[in-house]
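Student:
In our numbering, the protein residues as written are 16 to 101.
#1: Which residues bound the beta strand (DSSP E) around residue 78?
#2: Is residue 54 helix, strand or coil when you go by DSSP?
#3: Classify residue 20 as buried or exposed, calling it buried when 16 or more other Cβ atoms lie within 10 Å of its own Cβ.
#4: Just curious, the alpha helix (DSSP H) that residue 88 is in, first and last residue?
#5: Closest to residue 72 by C-alpha separation, out of 50, 59, 63, would be which residue?
#6: Leaving out the 5 sequence neighbours to the left and right, which residues in its chain are closer than 7 Å to residue 91 when beta-carbon positions are compared?
#7: Check residue 22 in the structure and name its three-state DSSP category.
#8: I'd like the span of the alpha helix (DSSP H) that includes residue 67, first residue to last.
And the structure:
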């Protein structure tokens with residue numbers, strides 16, 4: 016991560032992951048008649064509160080429906096910087 020952990024970065028990360036998962040869904044690898052039924056990407060202030068930002072981390076939550084599920088399979092990804100920017 017080479018830019019500040021901010022809403023701007025969150026938007027970029029969400030767009031990139033959403034674009035990838037949309038292709039996966041269109042290829043038939045995820046269940047659901049719409050992309051919203053097949054997956055979700057959450058990267059916002061709720062899973063990136065100030066203490067996470069201060070620790071130099073970025074947390075992304077991804078839920079996918081690989082088969083007809085009762086609920087999403089949830090994947091949590093965390094990226095930590097080597098040093099904190101002032």
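C-beta atoms are modelled at their ideal positions from N, C-alpha and C, and glycine is treated no differently. Source: prediction; values computed, not measured.
Tutor: Here's the rundown:
#1: Taking the first residue of the chain shown as position 1, residue 78 is located at position 63. Start and end: 72 to 79.
#2: Locating residue 54 in the chain shown gives position 39, counting from the first residue. The answer is strand: DSSP assigns residue 54 an E or B state.
#3: Taking the first residue of the chain shown as 1, we reach residue 20 at position 5. Classification of residue 20: buried, given that the 10 Å Cβ count is 16 or more.
#4: Locating residue 88 in the chain shown gives position 73, counting from the first residue. Note, residue 88: premise wrong, no alpha helix (DSSP H); beta strand (DSSP E) at 88 to 95.
#5: Position 57 of the chain shown, counting from 1, holds the residue named residue 72. Comparing Cα positions, the closest option is 63.
#6: As a working mapping, residue 91 is identified with position 76 in the chain shown. Result list for residue 91: 74, 76, in chain order.
#7: One-based indexing of the chain shown puts residue 22 at position 7. Of the three classes helix, strand and coil, the one that applies to residue 22 here is helix, per DSSP.
#8: In the chain shown, residue 67 corresponds to position 52, counting from 1. Segment 65 to 69, the alpha helix (DSSP H) holding residue 67.
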